[in-house]
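Before any comments, here is the structure.
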Amino acid sequence: MSLSFSEIAHAHKDFIQHTLQSFEEQLLPSANEDAELVTRAMFSVRNQAIKPPHYSRFSQILVCQVQDVNTAEVTINFPEQTISCSCPKKDLCRHQLAIILKLSQYFISLQQWLSIWRSKRSVPLQSLASERSPENWQMMADEVLNYAIKGPQPLEPYTLSGLIENIRTKLQRHRPYEQEWQELFNLFMDIAVSKHFLLHAVKTKADLSHHYVQFFLENTLSLIQRSIDTLSKTTRLFATEPFFDAIQKNVHEILFIEKGATAFRLSLYLQFWTKLFNERKRLNNELALLEQSDDSNTDIDLNVVKSIFYILLSSPSQLEQAVETMSENNVEGFIDIAQYALQKDFVDEATVILKKALPFLQTFVQDNLLPIRRQKFTRKLDHLYGQVQLSDSEELALYSSFGRYGIESFSNYLLRHNRLDEWVALHQLYPSSIPYLDQCGLKDVVAQSPETALPLYHFYAMEEIQQKSRQNYKQAVRIWRAMKSASKKAGKLDYFTAYIEAVQQQYKRLRALQEEINKSNLLI
Numbered sequence: 193m194s195l196s197f198s199e200i201a202h203a204h205k206d207f208i209q210h211t212l213q214s215f216e217e218q219l220l221p222s223a224n225e226d227a228e229l230v231t232r233a234m235f236s237v238r239n240q241a242i243k244p245p246h247y248s249r250f251s252q253i254l255v256c257q258v259q260d261v262n263t264a265e266v267t268i269n270f271p272e273q274t275i276s277c278s279c280p281k282k283d284l285c286r287h288q289l290a291i292i293l294k295l296s297q298y299f300i301s302l303q304q305w306l307s308i309w310r311s312k313r314s315v316p317l318q319s320l321a322s323e324r325s326p327e328n329w330q331m332m333a334d335e336v337l338n339y340a341i342k343g344p345q346p347l348e349p350y351t352l353s354g355l356i357e358n359i360r361t362k363l364q365r366h367r368p369y370e371q372e373w374q375e376l377f378n379l380f381m382d383i384a385v386s387k388h389f390l391l392h393a394v395k396t397k398a399d400l401s402h403h404y405v406q407f408f409l410e411n412t413l414s415l416i417q418r419s420i421d422t423l424s425k426t427t428r429l430f431a432t433e434p435f436f437d438a439i440q441k442n443v444h445e446i447l448f449i450e451k452g453a454t455a456f457r458l459s460l461y462l463q464f465w466t467k468l469f470n471e472r473k474r475l476n477n478e479l480a481l482l483e484q485s486d487d488s489n490t491d492i493d494l495n496v497v498k499s500i501f502y503i504l505l506s507s508p509s510q511l512e513q514a515v516e517t518m519s520e521n522n523v524e525g526f527i528d529i530a531q532y533a534l535q536k537d538f539v540d541e542a543t544v545i546l547k548k549a550l551p552f553l554q555t556f557v558q559d560n561l562l563p564i565r566r567q568k569f570t571r572k573l574d575h576l577y578g579q580v581q582l583s584d585s586e587e588l589a590l591y592s593s594f595g596r597y598g599i600e601s602f603s604n605y606l607l608r609h610n611r612l613d614e615w616v617a618l619h620q621l622y623p624s625s626i627p628y629l630d631q632c633g634l635k636d637v638v639a640q641s642p643e644t645a646l647p648l649y650h651f652y653a654m655e656e657i658q659q660k661s662r663q664n665y666k667q668a669v670r671i672w673r674a675m676k677s678a679s680k681k682a683g684k685l686d687y688f689t690a691y692i693e694a695v696q697q698q699y700k701r702l703r704a705l706q707e708e709i710n711k712s713n714l715l716i
């Protein structure tokens with residue numbers, strides 16, 4: 193015998209209440225589409241459009257049919273806590289809400305729930321969108337964001353992606369039809385979302401280093417960069433200037449948020465001022481604001497930020513003064529400035545910054561930088577410093593600062609200067625693998641001076657033998673084959689033969705190794 197709606201509702205009260213709350217947070221009273229969805233769901237409940245339930249006590253799966261234009265089938269899997277609908281709509285639909293409301297009515301008043309939900313409505317989004325102005329766009333963003341992101345508790349990182357996607361979907365419904373306005377609308381709203389999220393995160397002391405949060409910030413920055421690139425290549429309409437002014441104000445305020453997501457905020461700020469806001473008047477006005485600001489109110493060093501304006505406004509003396517404040521704490525910010533300077537072909541200015549950074553790199557890379565970022569960062573440094581003129585001592589200081597995280601870059605440097613013995617010594621000092629040696633230029637070393645590579649092959653073959661497994665012995669034999677080829681090129685095949693015979697004598701008790709050597713025909 194199937195249970196009634198009442199019995200099912202009381203058996204799964206917690207899930208039903210949680211799901212109704214989740215739906216309520218997704219539905220914005222000020223959005224006409226959401227208001228219509230709620231109205232139609234309530235209509236289905238009140239007009240008996242929901243057929244009697246099919247419920248399995250064993251599987252605890254509920255299946256309900258909702259009579260609509262086309263009959264929809266809603267399935268709730270209580271053990272897995274999922275709800276789905278057969279209708280074409282991918283996300284929350286009126287059929288799912290109708291079933292949850294049907295089940296909820298046994299322990300709440302639906303009329304009271306509807307009244308409370310509607311009371312949260314302030315300004316209809318449609319009316320704000322009908323009159324285009326920065327103020328209305330900001331009110332639209334605030335209406336959606338204040339409803340979706342609120343409360344004294346930090347957001348759960350795993351819910352962030354879905355929450356932001358829901359916010360963007362509601363805002364996109366009111367995007368202008370004219371193509372020349374659409375990218376500007378996207379940019380405006382992405383900045384508004386970023387600012388609101390960061391302010392809420394600081395207020396609630398959220399963990400902005402969480403990987404879900406980092407993914408959201410990286411994705412948001414990518415969207416913003418795409419919009420900036422598009423807008424920077426199009427002619428601006430006179431009517432859009434107030435919107436750019438509003439965006440500039442929000443970007444400035446994001447920079448001065450108290451703390452958190454420093455790399456994101458600085459990168460976002462620099463994207464605007466190096467690609468989009470390039471009018472001299474704007475640059476001067478923003479620089480004046482920065483020079484009047486107190487850097488104790490933010491965790492971003494303003495000397496770093498002001499440097500980009502000194503570059504863009506051709507103020508070398510002021511740039512040199514700003515660079516004098518460089519330390520291990522702000523060197524990464526200055527490196528970012530140098531990167532943007534090189535992108536804009538300000539090579540001399542980038543050279544000043546990069547040379548000043550050299551004494552701080554070793555401590556920053558080895559001690560201050562998170563280990564997971566070190567190798568990628570040293571590659572970035574190698575690319576940037578490769579675009580400026582350095583003396584031999586400066587190049588050596590650069591690559592020495594990388595340590596084991598810049599072996600590939602240091603290897604390339606040694607190859608460029610034909611310092612092959614040091615190349616070999618480097619790879620003995622920091623052992624890796626033969627495939628990595630190939631990536632670092634082993635083939636070039638063998639081509640130029642094959643005899644130089646022989647000690648390296650011996651070193652790595654001995655490393656394999658120490659592991660004492662047949663698989664490692666096979667790898668040692670592969671290394672010796674390469675060593676044999678290098679010996680042949682160097683005219684030292686007799687040396688190689690004597691070497692293998694000595695290895696066989698030294699490890700005569702390792703039967704598996706002897707078998708692999710004999711099978712390989714290394715002595716033929």
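Here the numbering used here runs 192 ahead of the position in the sequence shown, where the first position is 1.
Every residue gets a Cβ at the ideal spot worked out from N, C-alpha and C, and that includes glycine.
Checklist line | Three-way DSSP call (helix, strand, coil) for I275 in this model | finding: The residue given as residue 275 occupies position 83 in the sequence shown. The answer is strand: DSSP assigns I275 an E or B state.
Notebook entry, point to check: Roughly how many whole angstroms lie between the Cα atoms of C177 and L612?
Noted result: Absent from the model: residue 177. The displayed extent of the chain is 193 to 716, so no value can be given.
Notebook entry, point to check: Closest to L320 by CA distance: which of K312, E335, I253 and K568 is it?
Noted result: Position 128 of the sequence shown, counting from 1, holds the residue named residue 320. That would be E335, whose Cα lies nearest to the Cα of L320.
Next item on the list: On a CA-only basis, which of Q240, L219 and L295 is nearest C285? Give me that one, please.
Entry: By 1-based counting over the sequence shown, the position of residue 285 is 93. Closest by alpha carbon: L219.
Checklist line | Nearest neighbour of I253, chosen from S296, A203 and H619 [CA to CA] | finding: For this step, residue 253 is matched to residue 61 along the sequence shown. Comparing Cα positions, the closest option is A203.
Check: Which class does M193 belong to by DSSP, given the choice of helix, strand or coil?
Finding: Residue 193 sits at position 1 when you count from the first residue of the sequence shown. Caution is warranted here: a pLDDT of 47 is assigned to M193, below 50, making its placement in the model unreliable, and the coordinate value is therefore given only provisionally. Here M193 sits in coil by DSSP.
Item checked: Backbone secondary structure at N328 - three-state DSSP -> As a position in the sequence shown, residue 328 is number 136, starting the count at 1. DSSP places N328 in helix when its eight states are reduced to three.
Item checked: Pairwise C-alpha distance: P434 and I564 -> Against the sequence shown, residue 564 aligns to sequence position 372. Against the sequence shown, residue 434 aligns to sequence position 242. C-alpha separation (whole angstroms): 42 angstroms.
Check: Do H402 and L337 come within 8 angstroms of each other at the CB atom, strictly closer than that value?
Finding: As a working mapping, residue 337 is identified with position 145 in the sequence shown. As a working mapping, residue 402 is identified with position 210 in the sequence shown. In this structure, H402 does not lie closer than 8 angstroms to L337 by Cβ.
Checklist line | Between the CA atoms of D574 and N604 - distance to the nearest angstrom | finding: Taking the sequence shown and counting its residues from 1, the one referred to as residue 604 is at position 412. Taking the sequence shown and counting its residues from 1, the one referred to as residue 574 is at position 382. Roughly 10 angstroms separates the two Cα atoms.
Note to self: Quick check: A384 and A333, are their CB atoms within less than 8 angstroms of each other?
What the structure shows: Your numbering for residue 384 matches position 192 in the sequence shown. Your numbering for residue 333 matches position 141 in the sequence shown. Yes, Cβ-Cβ distance for A384 and A333 is below 8 angstroms.
Notebook entry, point to check: What is the rounded straight-line gap between the Cα of I529 and the Cα of D226?
Noted result: Taking the sequence shown and counting its residues from 1, one reaches residue 529 at position 337. Taking the sequence shown and counting its residues from 1, one reaches residue 226 at position 34. So the two alpha carbons sit approximately 45 angstroms from each other.
Check: With 16 other CB atoms within 10 Å as the buried threshold, where does E656 fall?
Finding: One-based indexing of the sequence shown puts residue 656 at position 464. Buried, because 16 or more other Cβ atoms sit within 10 Å of the Cβ of E656.
Item checked: For H204, three-class secondary structure by DSSP -> Looking up residue 204 in the sequence shown gives position 12. Correct three-state label for H204: coil.
Notebook entry, point to check: With distances taken between CB atoms, is the gap from I503 to L460 smaller than 8 angstroms?
Noted result: The residue given as residue 503 occupies position 311 in the sequence shown. The residue given as residue 460 occupies position 268 in the sequence shown. For I503 and L460, no; Cβs fall outside 8 angstroms.
Notebook entry, point to check: From Y339 to S198, what does the alpha carbon distance come to, in whole angstroms?
Noted result: Counting from one through the sequence shown, the residue named residue 339 turns up at place 147. Counting from one through the sequence shown, the residue named residue 198 turns up at place 6. Their backbone Cα atoms lie some 31 angstroms apart in a straight line.
Next item on the list: Check I341 in the structure and name its three-state DSSP category.
Entry: As a first step, residue 341 must be located in the sequence shown, where it is residue number 149. The answer is coil: DSSP assigns I341 none of H, G, I, E or B.
Notebook entry, point to check: Excluding the five sequence neighbours on either side, which residues of its own chain have a C-beta within less than 6 angstroms of the C-beta of Q213, listed in chain order?
Noted result: Walking along the sequence shown from the start, residue 213 turns up at place 21. Excluding residues within five positions, none has a Cβ falling inside 6 angstroms.
Item checked: Which listed residue (S583, P623, N560 and L553) has its alpha carbon closest to that of F594 -> As a first step, residue 594 is located in the sequence shown; it is residue number 402 there, counting from the start. Closest option to F594, Cα to Cα, is L553.
Check: With a cut-off of 8 angstroms, do at least 3 Cβ pairs link the stretch 500-518 to the stretch 540-547?
Finding: The count of Cβ pairs closer than 8 angstroms, one atom from the stretch 500-518 and one from the stretch 540-547, reaches three, so the stretches are in contact.
Item checked: Three-state secondary structure (DSSP) of L376 -> Position 184 of the sequence shown, counting from 1, holds the residue named residue 376. In the structure shown, L376 sits in a helix (DSSP, three-state: H, G or I).
Margin query: Please return the same chain residues whose Cβ sits closer than 7 angstroms to the Cβ of F464, not counting the five positions on each side in sequence.
Written below: Mapped onto the sequence shown, residue 464 falls at position 272. Once the five neighbours on either side are set aside, the close Cβ partners of F464 are I420 and V443.
Next item on the list: Taking E225 as part of the beta strand (DSSP E), name the residues at either end of that continuous run.
Entry: Here residue 225 corresponds to residue number 33 of the sequence shown, with the count starting at 1. Unbroken run through E225 is the alpha helix (DSSP H), N224 to R238; no beta strand (DSSP E).
Checklist line | Contiguous alpha helix (DSSP H) assignments of at least 4 residues, all confined to the stretch 416-472 | finding: 433-447 and 454-463
Note to self: I'd like to know whether the C-beta atoms of V255 and L302 end up nearer to each other than 8 angstroms.
What the structure shows: For this step, residue 255 is matched to residue 63 along the sequence shown. For this step, residue 302 is matched to residue 110 along the sequence shown. Cβ distance not < 8 angstroms, so V255 and L302 don't count as in contact.
Notebook entry, point to check: Quick one: Cα of Q304 to Cα of T231, how far?
Noted result: Start at 1 with the first residue of the sequence shown, and residue 304 comes out as number 112. Start at 1 with the first residue of the sequence shown, and residue 231 comes out as number 39. Rounded to the nearest whole angstrom, the C-alpha separation of Q304 and T231 is 14 angstroms.
Next item on the list: Can you say whether D437 is buried or exposed, counting buried as having 16 or more other CB atoms within 10 angstroms of its CB?
Entry: Reading the sequence shown from its first residue, position 245 is the one you call residue 437. Answer is exposed; the Cβ neighbour count stays below 16.
Next item on the list: Name the two residues that bound the continuous alpha helix (DSSP H) containing A264.
Entry: Your numbering for residue 264 matches position 72 in the sequence shown. Looking at the DSSP string, A264 is not in any alpha helix (DSSP H); the run it does join, the beta strand (DSSP E), is A264 to N269.
Check: What are the boundary residues of the beta strand (DSSP E) that W256 is part of?
Finding: For the purposes of this step, residue 256 is taken as residue 64 along the sequence shown, with counting starting at 1. First, the amino acid is wrong: residue 256 is Cys here, not Trp. Its beta strand (DSSP E) spans residues I253 to V258.
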